[in-house]
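S.K.: Mind having a look at this structure? Questions to follow.
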Amino acid sequence: MTRIKICGLTSLEDALAASEAGAHALGFNFSESSPRRISPENAREIVRGLPPFVSAAGVFVEHGPTEIDEICEYCGLHIAQLHSERYDACEARSIRKARVLKVFRAGPKFTMEEVRAFSEQTNISDFLFDAYQAGRPGGTGKRIEEDAARKIFAAVQDIGTGTLAGGLNPENVGEAIRALHPYAVDTASGVESAPGVKDREKMQSFVRAVQLADAALPNT
Numbered sequence: 026m027t028r029i030k031i032c033g034l035t036s037l038e039d040a041l042a043a044s045e046a047g048a049h050a051l052g053f054n055f056s057e058s059s060p061r062r063i064s065p066e067n068a069r070e071i072v073r074g075l076p077p078f079v080s081a082a083g084v085f086v087e088h089g090p091t092e093i094d095e096i097c098e099y100c101g102l103h104i105a106q107l108h109s110e111r112y113d114a115c116e117a118r119s120i121r122k123a124r125v126l127k128v129f130r131a132g133p134k135f136t137m138e139e140v141r142a143f144s145e146q147t148n149i150s151d152f153l154f155d156a157y158q159a160g161r162p163g164g165t166g167k168r169i170e171e172d173a174a175r176k177i178f179a180a181v182q183d184i185g186t187g188t189l190a191g192g193l194n195p196e197n198v199g200e201a202i203r204a205l206h207p208y209a210v211d212t213a214s215g216v217e218s219a220p221g222v223k224d225r226e227k228m229q230s231f232v233r234a235v236q237l238a239d240a241a242l243p244n245t
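Structure representation (structure tokens):
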């Protein structure tokens with residue numbers, strides 16, 4: 026079963042709608058530069074209102090490991106999503122209060138050897154792969170180039186789990202699952218009516234598309 030993460034939540038209403046639609050994890054973006062930025066105080070209130078079966082992830086771009094631990098503990102987050110190249114193996118190993126999900130952007134110089142080396146240095150085995158756009162850490166709505174995505178998700182199975190992000194929406198997520206067999210899929214702008222404002226029908230359609238794709242896969 027493909028796991029579903031909906032990212033960029035900014036209200037309890039949207040978070041509950043996402044969990045009711047069938048999302049397994051919700052993401053809260055703490056980056057100062059994100060249009061979906063949320064304060065730790067607001068994220069904490071939302072996380073407190075979530076069902077116990079929903080995981081909460083914090084998306085971090087500028088924060089150091091100590092700040093990340095403080096925010097994760099304060100908000101009750103389960104996952105620290107490191108969404109910047111600034112986070113090296115040493116910094117990732119320093120995070121203690123949440124499970125680390127390391128993001129790699131599939132740019133022109135990216136290779137899976139980076140992922141393999143990072144995993145060996147940290148014992149971290151959960152990775153998210155996003156499209157590359159110069160000057161933007163993510164949330165661009167851009168997809169990973171098809172051939173690159175196939176190579177990434179074929180290789181990551183020998184290293185750990187791979188979450189697919191970048192430009193996913195209800196219309197294309199099923200095709201992506203059938204082609205790549207990711208452990209999880211992640212969407213933000215693909216289920217929004219505006220940055221940080223989720224569309225209930227789009228979230229429901231996204232989850233249905235994932236479920237239909239899963240049902241069509243062998244041995245599912």
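Add 25 to the 1-based position in the sequence shown for our numbering, that's all there is to it.
Note that CB positions come from ideal geometry on N, CA and C, so glycine has one too.
The model shown is predicted, which means the values in this text are computed figures rather than measured ones.
Taking all protein chains shown into account, do 16 or more other C-beta atoms lie within 10 angstroms of the C-beta of residue 54, making it buried, or fewer, making it exposed?
M.R.: Looking at its Cβ environment, which holds 16 or more other Cβ atoms inside 10 Å, residue 54 is buried.
S.K.: Can you tell me which of the three DSSP states residue 226 falls into?
M.R.: helix
S.K.: Would you call the CB atoms of residue 74 and residue 37 closer than 7 Å?
M.R.: yes
S.K.: Which whole runs of the beta strand (DSSP E) in the segment 125–188 are 3 residues long or more, in chain order?
M.R.: Here the runs fully enclosed are 151–156.
S.K.: Taking the C-alpha atoms as reference points, what is the distance between residue 142 and residue 148?
M.R.: 10 Å
S.K.: If the criterion is Cβ atoms closer than 7 Å, does the pair residue 235 and residue 29 meet it?
M.R.: yes
S.K.: I believe residue 68 touches residue 104 by the beta-carbon criterion, under 8 Å. Please report the beta-carbon distance rounded to the nearest angstrom.
M.R.: Rounded, the Cβ-Cβ distance is 13 Å, inconsistent with contact.
S.K.: Is residue 235 helix, strand or coil by DSSP?
M.R.: helix
S.K.: Strictly by DSSP, which residues pair up with residue 211?
M.R.: 30
S.K.: Report the rounded CA-to-CA distance for residue 85 versus residue 233, giving the unit in angstroms.
M.R.: 29 Å
S.K.: With DSSP collapsed to three states, give me the class of residue 81.
M.R.: strand
S.K.: Alpha carbon to alpha carbon, what distance is there between residue 95 and residue 150?
M.R.: 23 Å
S.K.: Return helix, strand or coil for residue 52, following the three-state DSSP convention.
M.R.: strand
S.K.: Does DSSP put residue 64 in a helix, a strand or coil?
M.R.: Of the three classes helix, strand and coil, the one that applies to residue 64 here is coil, per DSSP.
S.K.: If you compare alpha carbons, which of 39, 185, 34 is closest to residue 226?
M.R.: 39
S.K.: Skipping 5 residues on each side, what residues in its chain have a beta carbon closer than 8 Å to that of residue 56?
M.R.: Hits under 8 Å: 62, 84, 85, 86, 87, 108, 162.
S.K.: Below 8 Å on the Cβ atoms is my contact criterion, and I expect residue 189 with residue 210 to pass it. Report the Cβ-Cβ distance as a whole number of Å.
M.R.: 5 Å
S.K.: Look at the alpha carbon of residue 219 and the alpha carbon of residue 114, and state the distance between them as a whole number of angstroms.
M.R.: 35 Å
S.K.: Excluding the five sequence neighbours on either side, which residues of its own chain have a C-beta within less than 6 Å of the C-beta of residue 194, listed in chain order?
M.R.: 215
S.K.: Residue range of the alpha helix (DSSP H) that residue 96 falls in?
M.R.: Unbroken alpha helix (DSSP H) run through residue 96: 90–100.
S.K.: Report the residue from 91, 155, 184, 90 whose alpha carbon sits nearest the alpha carbon of residue 174.
M.R.: 155
S.K.: Could you give the residue range of the beta strand (DSSP E) that holds residue 120?
M.R.: Counting along the chain, residue 120 falls outside any beta strand (DSSP E), and DSSP gives it neither H nor E.
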